[in-house]
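A.B. asks: Last residue of the sequence shown: 306 (full-length UniProt numbering), numbering continuous. For each residue, glycine too, the CB sits at the ideal point set by N, CA and C. Could you have a look at this structure, given as structure tokens, before my questions?
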Amino acid sequence: MERNDNLDAVRMLALGGVHSTALSRKGEIFTWGYGGFGALGHSVYHRELLPRLVNGPWEGTISHLATAGAHTAAITDTGELYTWGRDEGEGRLGLGSGGGPGEGGSLGTPSIVNALPVPVAAVSCGGFFTMALTSEGRLWNWGANSNFELGRGNRVSDWRPQPIPSLKDVRIVQIASGGYHSLALTDKGEVLSWGHGGHGQLGHGSIQNQKVPFVVEALAGERVVYITCGGSSSAAITDKGKLYMWGYAKDCQLGAPGLPEIQSTPIEVKFLMDDDEELGSHHVVSVAIGASHAMSLVLRQGANAS
Numbered sequence: 001m002e003r004n005d006n007l008d009a010v011r012m013l014a015l016g017g018v019h020s021t022a023l024s025r026k027g028e029i030f031t032w033g034y035g036g037f038g039a040l041g042h043s044v045y046h047r048e049l050l051p052r053l054v055n056g057p058w059e060g061t062i063s064h065l066a067t068a069g070a071h072t073a074a075i076t077d078t079g080e081l082y083t084w085g086r087d088e089g090e091g092r093l094g095l096g097s098g099g100g101p102g103e104g105g106s107l108g109t110p111s112i113v114n115a116l117p118v119p120v121a122a123v124s125c126g127g128f129f130t131m132a133l134t135s136e137g138r139l140w141n142w143g144a145n146s147n148f149e150l151g152r153g154n155r156v157s158d159w160r161p162q163p164i165p166s167l168k169d170v171r172i173v174q175i176a177s178g179g180y181h182s183l184a185l186t187d188k189g190e191v192l193s194w195g196h197g198g199h200g201q202l203g204h205g206s207i208q209n210q211k212v213p214f215v216v217e218a219l220a221g222e223r224v225v226y227i228t229c230g231g232s233s234s235a236a237i238t239d240k241g242k243l244y245m246w247g248y249a250k251d252c253q254l255g256a257p258g259l260p261e262i263q264s265t266p267i268e269v270k271f272l273m274d275d276d277e278e279l280g281s282h283h284v285v286s287v288a289i290g291a292s293h294a295m296s297l298v299l300r301q302g303a304n305a306s
């Protein structure tokens with residue numbers, strides 16, 4: 001395959017359902033894969049086999065990006081948010097009601113989310129909704145809400161970005177979105193979850209939906225430093241390098257043997273943490289979850305570790 005010099009220095013990757021995105025150290029976005037519904041941001045809807053630069057209307061550089069099944073979001077170095085891709089009328093792009101202007105509710109070029117009145121530092125894309133986090137730790141979201149994805153206590157979808165009322169006095173440091181559920185990490189190391197719970201992905205010991213953000217009590221004795229979501233599963237890493245996972249486990253994606261199809265409370269992925277005399281102790285530093293599998297990055301500390 002021909003080498004792409006533009007991707008020699010990649011600082012961030014985000015994978016959608018059928019397309020991929022990369023953020024370079026220069027602050028440029030490259031996309032490739034399936035171009036349906038405008039997900040690549042190139043104004044065209046065909047496939048791109050190789051990474052292609054997104055020539056957005058922003059000034060300056062991009063600092064953060066996120067993507068989901070068919071929509072993408074990017075933040076500039078000044079805190080402006082741009083979105084593109086599919087919006088079937090539920091408002092996931094935050095650009096107004098009625099969906100995108102193209103076929104199937106598509107928008108093939110990045111557009112600024114003017115309805116978001118504050119600069120943002122991070123963004124997360126769910127199946128049909130989007131979340132943004134400000135540098136002050138305030139969480140805003142918008143889009144579909146049939147499963148309480150917006151955490152506002154009702155099922156009313158809304159394209160307008162709004163803060164979650166119950167989190168007014170809570171400082172959030174990280175956000176993560178699944179297909180129909182979300183996680184938020186507080187500055188105290190607590191994990192909050194809400195939205196669809198039918199596969200146990202909320203970690204509350206049930207398969208009920210959660211209308212507003214609620215603390216995952218099973219992790220109360222741990223200080224969590226990292227969270228992430230798959231389509232119907234969730235994960236958290238503690239300050240001691242422990243990995244906890246919960247949710248849909250039919251395809252063994254939670255990394256522990258003998259689990260039921262639905263694991264509704266967090267379980268420690270212990271085989272990563274067992275000490276080994278030759279390899280030393282294990283410390284999980286990152287984890288990523290796909291639709292039916294997961295991967296983790298593990299630091300081994302020991303005389304013979306590599």
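#1: In its own chain, which residues sit with a C-beta less than 6 Å from the C-beta of Gly195, not counting the 5 before and 5 after it?
#2: Taking buried to mean at least 16 other C-beta atoms within 10 Å of its own C-beta, is Glu222 buried or exposed?
#3: Output the residue ranges of the beta strand (DSSP E) runs that lie fully inside the UniProt repeat "RCC1" (241-300) and measure 3 residues or longer, sorted by chain position.
#4: Take Lys26 as the anchor and find which of Gly36, Ala39 and Leu7 has the nearest alpha-carbon.
#5: Quick check on Pro117: does DSSP put it in helix, strand or coil?
#6: Take residue 308 as the anchor and find which of Arg138, Gly200, Gly230 and Ile175 has the nearest alpha-carbon.
#7: Between Pro101 and Leu93, which are expected to be in contact by the criterion C-beta below 8 Å, what is the C-beta distance as a whole number of angstroms?
#8: Do you know whose CA, among Asp87, Trp32, Cys229 and Arg47, lies nearest Ser124's CA?
#9: Can you determine whether any heavy atom of the ligand SAH sits closer than 7 Å to the C-beta of Gly247, and answer yes or no?
#10: Take the Cβ of His19 as the centre, count every other Cβ of all protein chains shown within 10 Å, and call the residue buried at 16 or more, exposed below.
#11: Provide the residue(s) that pair with Phe128 in DSSP beta bridges, ordered along the chain.
#12: If I measure Cβ to Cβ from Val44 and keep anything under 8 Å in the same chain, skipping five residues before and after, which residues do I get?
#13: In terms of residue numbering, what span does the beta strand (DSSP E) encompassing Tyr226 cover?
#14: What is the DSSP secondary structure of Ala218, reduced to helix, strand or coil?
#15: Based on the DSSP output, what are the partners of Trp84 in its beta bridges?
#16: Starting from Asp158 and walking both ways along the beta strand (DSSP E), at which residues does that stretch end?
#17: Does Gly143 come out as helix, strand or coil in the three-state DSSP assignment?
#18: My guess is that Ser157 and Asn145 are in contact by the Cβ rule of under 8 Å, so how many angstroms apart are they, rounded?
#19: Return the residue from the list Ile62, His46, Gly89 and Tyr82 that minimises the CA-CA distance to Leu13.
#20: I think Gly200 touches Ser264, with their Cβ atoms under 8 Å apart; what is that distance to the nearest whole Å?
#21: Given Arg160, which residues of its chain have a CB within under 8 Å of its CB, disregarding the five upstream and five downstream residues?
#22: Of all the options Thr186, Gly258, Arg11 and Pro163, which has the alpha carbon lying nearest to the alpha carbon of His64?
#23: Using C-beta distances below 8 Å, list every residue in its chain close to Ala9, excluding the 5 sequence neighbours before and after it, in chain order.
C.D. replies: Per the coordinate set shown:
#1: Cβ contact annotation for Gly195 (same chain, cutoff 6 Å, sequence separation greater than five): Asn147, Phe148, Glu149, Tyr180, His181 and Ser182, in chain order.
#2: Buried, by the Cβ-count rule.
#3: Counting whole runs of 3 or more residues, the UniProt repeat "RCC1" (241-300) contains the beta strand (DSSP E) stretches 243-248, 262-268 and 281-289.
#4: Closest by alpha carbon: Leu7.
#5: Three-state DSSP puts Pro117 in coil, outside helix and strand.
#6: Within the shown structure, residues of the chain are numbered from 1 to 306, placing residue 308 beyond reach of any answer.
#7: 11 Å between Cβ atoms; not a contact.
#8: It is Cys229.
#9: For the structure depicted, the ligand SAH is absent and the ligand set is empty, with no information on it obtainable.
#10: His19 should be labelled buried.
#11: Note: Phe128 sits in no beta bridge, so no partner.
#12: If you ignore the 5 residues before and after Val44, its C-beta comes within less than 8 Å of the C-beta of Gly35 and Gly108, all in its own chain and listed in chain order.
#13: The continuous beta strand (DSSP E) containing Tyr226 extends over residues Val224 to Cys229.
#14: In this structure, Ala218 counts as helix in the three-state DSSP scheme.
#15: Note: Trp84 sits in a beta bridge opposite Thr72.
#16: Run containing Asp158: Asp158 to Pro163, per the beta strand (DSSP E) assignment.
#17: Three-state result, Gly143: strand.
#18: Here Ser157 really is in contact with Asn145; their C-beta atoms are around 4 Å apart, less than 8 Å.
#19: For the residues Ile62, His46, Gly89 and Tyr82, the minimum Cα distance to Leu13 belongs to Ile62.
#20: Contact check for Gly200 and Ser264: beta-carbon distance about 3 Å, within the 8 Å limit, so the pair qualifies.
#21: Closer than 8 Å at Cβ, skipping near neighbours: Gly91, Gly94, Ala115 and Trp142.
#22: In this structure, Arg11 is the residue among Thr186, Gly258, Arg11 and Pro163 with its C-alpha nearest to the C-alpha of His64.
#23: Non-local C-beta neighbours of Ala9 in its own chain, meaning closer than 8 Å and more than five positions away in sequence, comprise Ser24, Arg25 and Lys26, ordered along the chain.
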